[in-house]
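Position in the sequence shown (first residue = 1) + 127 = our numbering.
Just so it is clear, CB atoms sit at the ideal spot from N, CA and C, and this is done for glycine as well.
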Amino acid sequence: MTGYGKSILQLPTKKITIELKSLNSKSLDLNARMPSIYREKELDIRKLLADKLERGKIDFSIYVEATADDTSTQINTPVVKQYIQQLKKVVDGDEIELLKMAVRFPDALNTVREEIDETEWEAIQNEIIKAIEYITDYRLDEGKVLEKEFNKRIALISDLLDQVIAMDPDRIDGVRERLTKAIEEIKEKYDENRFEQELVYYIEKFDITEEKVRLKNHLDYFTESINSKHSNGKKLAFISQEIGREINTIGSKSNYAPMQQLVVQMKDELEKIKEQLLNVL
Numbered sequence: 128m129t130g131y132g133k134s135i136l137q138l139p140t141k142k143i144t145i146e147l148k149s150l151n152s153k154s155l156d157l158n159a160r161m162p163s164i165y166r167e168k169e170l171d172i173r174k175l176l177a178d179k180l181e182r183g184k185i186d187f188s189i190y191v192e193a194t195a196d197d198t199s200t201q202i203n204t205p206v207v208k209q210y211i212q213q214l215k216k217v218v219d220g221d222e223i224e225l226l227k228m229a230v231r232f233p234d235a236l237n238t239v240r241e242e243i244d245e246t247e248w249e250a251i252q253n254e255i256i257k258a259i260e261y262i263t264d265y266r267l268d269e270g271k272v273l274e275k276e277f278n279k280r281i282a283l284i285s286d287l288l289d290q291v292i293a294m295d296p297d298r299i300d301g302v303r304e305r306l307t308k309a310i311e312e313i314k315e316k317y318d319e320n321r322f323e324q325e326l327v328y329y330i331e332k333f334d335i336t337e338e339k340v341r342l343k344n345h346l347d348y349f350t351e352s353i354n355s356k357h358s359n360g361k362k363l364a365f366i367s368q369e370i371g372r373e374i375n376t377i378g379s380k381s382n383y384a385p386m387q388q389l390v391v392q393m394k395d396e397l398e399k400i401k402e403q404l405l406n407v408l
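So, in structure tokens, the structure goes:
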């Protein structure tokens, strides 16, 4: 989601620089800075940026640098002359000094409000689109790096899941053995059929078959979503939450130290995925 784009437009009397910066954000947070002459176009700019960039903390700026004689402020000659005449009646002085005083008085300078030249604005708009394209390319390059990172982490979680699946029979046998040994140590007679029924019921509480299947499906869905052409940041975040839910359930049901160690490793890889998902649209 982070990115940077810049475009420069050279006009006969000014240089216009368009700058775009993007940081991570759950929604679109747009801050626009521009000279007052372009303020009437701000809503159009915001709509364009929202359509193209979708999410992120966006800083948009237009900088104008004059490169030739081009000023909107003019001397109000009749008023200045009148001020000088009035000053002469009050004091005797050099006309240069009187002029310095006169231009400080109200209405000595006229500021002409500039109007947007539509041809100029069309050129500026094209540069804004170029800046958007630059920042989009920046984001795409970052996305390719993140895609490799996600695939790596998902593959590691998948490999750890395979290890969990492989050790699950030993885990169940271990639970059965511990319970049987505990009963035998009591040295009391018991109904073996009833004990077997209770044992099956107890072991069912530790069964993680559904969690293993759902976790595998979520991992596959995450990979499938990465390969989609559409923006997937929020969707991937939701899938990662579901992955975390299944991993946590496996950990709570495992009651088996070697499996819990694998669960801790899966959680670590998932946290790395969640951190990077903040960079995804």
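Minimum C-alpha distance to residue i - residue among the options
i      : options                           : result
Met393 : Arg372, Leu408, Val407 and Asn382 : Arg372
Ala250 : Gly360, Ala193 and Thr144         : Thr144
Glu181 : Ser149, Tyr131 and Ile255         : Ser149
Lys174 : Lys271, Met161 and Leu155         : Leu155
Pro162 : Lys153, Val218, Lys401 and Glu242 : Glu242
Leu147 : Met228, Glu222 and Lys257         : Lys257
Asp171 : Gly132, Arg341 and Gln252         : Gln252
Ile400 : Met386, Phe365 and Tyr383         : Phe365
Lys271 : Arg305, Lys339 and Ser355         : Ser355
Glu192 : Asp300, Leu138 and Gln387         : Leu138
Met294 : Lys153, Val218 and Ile377         : Ile377
Thr140 : His357, Ile374, Arg341 and Asp244 : Asp244
Ala235 : Ile374, Lys215, Glu222 and Lys208 : Lys208
Ile202 : Leu214, Gln213, Asp219 and Ala229 : Ala229
Beta-carbon separation (whole angstroms), residue i vs residue j, contact threshold 8 Å
i      : j      : result
Leu283 : Glu396 : 5 Å
Lys142 : Thr194 : 6 Å
Ile330 : Val302 : 6 Å
One or two residues paired with residue i in a DSSP bridge
i      : result
Gly130 : Ser149
Ala159 : Phe187
Leu136 : Ile143
Residue j beta carbon less than 9 Å from that of residue i
i      : j      : result
Lys381 : Ile353 : Per the sequence presented here, residue 381 reads as Ser, with Lys not at that position. Result no, Cβ atoms of Ser381 and Ile353 do not sit closer than 9 Å.
Lys343 : Ser285 : yes
Tyr165 : Trp248 : yes
Ile370 : Leu389 : no
Tyr265 : Ser134 : no
Gln403 : Glu276 : yes
Thr350 : Asn278 : yes
Leu225 : Ile185 : no
Gly183 : Leu408 : yes
Leu176 : Ile259 : yes
Val206 : Phe232 : yes
Pro385 : Arg280 : no
Thr263 : Gly360 : no
Lys339 : Leu288 : yes
Ala159 : Glu167 : no
Glu254 : Gly130 : no
Residue-level contact to chain C via CB, residue i, 9 Å cutoff
i      : result
Asp289 : Of the chains in the structure shown, none is chain C; there is only one protein chain.
TODO: Could you tell me which uninterrupted beta strand (DSSP E) segments, each at least 3 residues in length, are contained entirely in the segment 179–262, listed from first to last along the chain?
DONE: 183–193, 200–202 and 236–238
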